[in-house]
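In what follows, a single structure is set out as structure tokens and then discussed.
Chains as they are written, first to last, in the numbering used here: chain P, 1 to 248; chain L, 1001 to 1248.
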């Protein structure tokens, strides 16, 4: 399993991904899930993937091949980020179709899902979630984030904290807390964690990039502080005793 | 959708359930999902259901019918709570089989899942999750809670707070917070919320029972306090700035 978060702030774009991949209990591997295509001064594109690793690797390989061979459409030529989202949707669908008849294993699923974000010169930043079916959605006004993979455990904290005018340090910290809650509740999401911030309208390489290994000093201190703070937050809640007295 | 939590503390058993049922977007109804079978001084049994409402209603109706007609096996005669878990598993499976060939609607799913807890005289308290397949599990030593329905959003707070020696007021408050996080992230889980505490070895009717409507004064104050406290807990976390300085 995987967990990736993309956030579209007024300030810029935040991306956070774990790196664990599992293909059955005895094969847990780590793979980078955060890919970047960069033409400094002209465009910056970030792509995260969840789902079938063969499909998502094939999609990334095809994107790179189309770029290298200067295909009629490629990420360097595209006019809009949304066109690139369409293109990734098509590549993913084509790749899945190759295996649609299924293999010997029951329950085979070649689906992959993507978060694509970035900016092309002269346009605003954009952020999309591309479905295995090939279509895509963007963020909502009020909740400007998208998630793929194991999304539910880490959603409540994003719902509470992330707004379009949140500053990027807060958003990145919130993404890490969301990732940590997910890792705690689901063993198939795990470090290293990659965290990247692209500052809007710079068209430059990421302003901030961090990579956290399992025992990273900051990650350990964040985890400990969050655990303590959540307990305190919980202990400070109004007691139910008044309700017991009322309802009995 | 539904969300129900069962907790087995040293002190006793806690049950919490929402009451929203949806059968398509234009048919959102509320139904009690918390059922109780009581023989004061002899046994106390609590049952919560999630999944197909027709199946779970049929199962509850059959339990009541077997009790009324004094069937060879019924909840009043059973020697062990685990035998009742087996019996509920069988009733559910029989009910699902009736409709296994499917109806005209695609994606029809008659599955239901159950949390059964209680105590029979001379035995400890017991708590089980009964799967649609008819088999069941009990709680683990370290994490003595079970969830059914929309379980993921509300799991992190239970993971952090609930232990076997947690007191029942804390556990009930934690169940409410878990329920509130779930309602916030998923519109198909909703009030009224039922919350019940059975004190171990009393074999008496519940020591504490509360029912919360949408705008219940305590629920509103809890929600507001949790929102404030979580923000404070989050704002007090160590800043990422040190990592930015380190990694760049």
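Every residue gets a Cβ at the ideal spot worked out from N, C-alpha and C, and that includes glycine.
Answer yes or no: does any C-beta atom of chain P fall closer than 9 Å to that of residue i?
| i | result |
| --- | --- |
| residue 998(L) | One cannot answer for residue 998(L) here, as it falls past the ends of chain L, which runs 1001 to 1248. |
| residue 1230(L) | yes |
| residue 1016(L) | no |
| residue 1090(L) | no |
| residue 1156(L) | yes |
| residue 1241(L) | yes |
| residue 1165(L) | no |
| residue 1234(L) | yes |
| residue 1225(L) | yes |
| residue 1153(L) | yes |
| residue 1237(L) | yes |
| residue 1046(L) | no |
| residue 1222(L) | yes |
| residue 1120(L) | no |
| residue 1244(L) | yes |
| residue 1140(L) | no |
Between the Cα of residue i and the Cα atoms of the options, which residue gives the shortest distance?
| i | options | result |
| --- | --- | --- |
| residue 1119(L) | 1236(L), 1226(L), 1203(L) | 1203(L) |
| residue 122(P) | 143(P), 81(P), 68(P), 129(P) | 81(P) |
| residue 1108(L) | 1097(L), 1239(L), 1069(L) | 1097(L) |
| residue 1175(L) | 1200(L), 1148(L), 1201(L) | 1148(L) |
| residue 113(P) | 68(P), 173(P), 41(P), 86(P) | 86(P) |
| residue 1038(L) | 1163(L), 1049(L), 1078(L), 1134(L) | 1078(L) |
| residue 49(P) | 245(P), 19(P), 145(P), 182(P) | 19(P) |
| residue 1162(L) | 1151(L), 1145(L), 1150(L), 1177(L) | 1145(L) |
| residue 117(P) | 200(P), 58(P), 245(P), 41(P) | 200(P) |
| residue 1217(L) | 218(P), 240(P), 214(P) | 240(P) |
| residue 1127(L) | 1006(L), 1061(L), 1001(L) | 1006(L) |
Closest Cβ-Cβ distance between residue i and chain L: below 9 Å?
| i | result |
| --- | --- |
| residue 4(P) | no |
| residue 198(P) | no |
| residue 133(P) | no |
| residue 169(P) | yes |
| residue 128(P) | no |
| residue 161(P) | yes |
| residue 172(P) | yes |
| residue 184(P) | yes |
| residue 189(P) | no |
| residue 176(P) | yes |
Going by DSSP in three states, residue i sits in which element: helix, strand or coil?
| i | result |
| --- | --- |
| residue 969(L) | No answer is possible for residue 969(L): the residues shown for chain L start at 1001 and end at 1248. |
| residue 1125(L) | coil |
| residue 220(P) | helix |
| residue 1046(L) | strand |
| residue 95(P) | helix |
| residue 193(P) | strand |
| residue 229(P) | helix |
| residue 158(P) | helix |
| residue 239(P) | coil |
| residue 142(P) | coil |
| residue 1008(L) | strand |
| residue 65(P) | helix |
| residue 36(P) | strand |
| residue 163(P) | coil |
| residue 169(P) | helix |
| residue 181(P) | helix |
| residue 21(P) | strand |
| residue 57(P) | helix |
| residue 204(P) | coil |
| residue 1234(L) | helix |
| residue 244(P) | helix |
| residue 199(P) | strand |
| residue 1081(L) | helix |
Margin query: Would the region 227-242 of chain P count as touching the region 1226-1233 of chain L if we require 3 or more Cβ pairs under 8 Å?
Written below: yes
Notebook entry, point to check: Can at least three beta-carbon pairs, one atom from the region 1157-1169 of chain L and one from the region 1004-1016 of chain L, be found at a separation below 8 Å?
Noted result: yes
Check: Is there contact here, the region 188-195 of chain P with the region 209-220 of chain P, by at least three beta-carbon pairs under 8 Å?
Finding: yes
Next item on the list: Flag this pair as touching only if the region 1181-1188 of chain L and the region 154-163 of chain P have three or more C-beta atom pairs under 8 Å; answer yes or no.
Entry: yes
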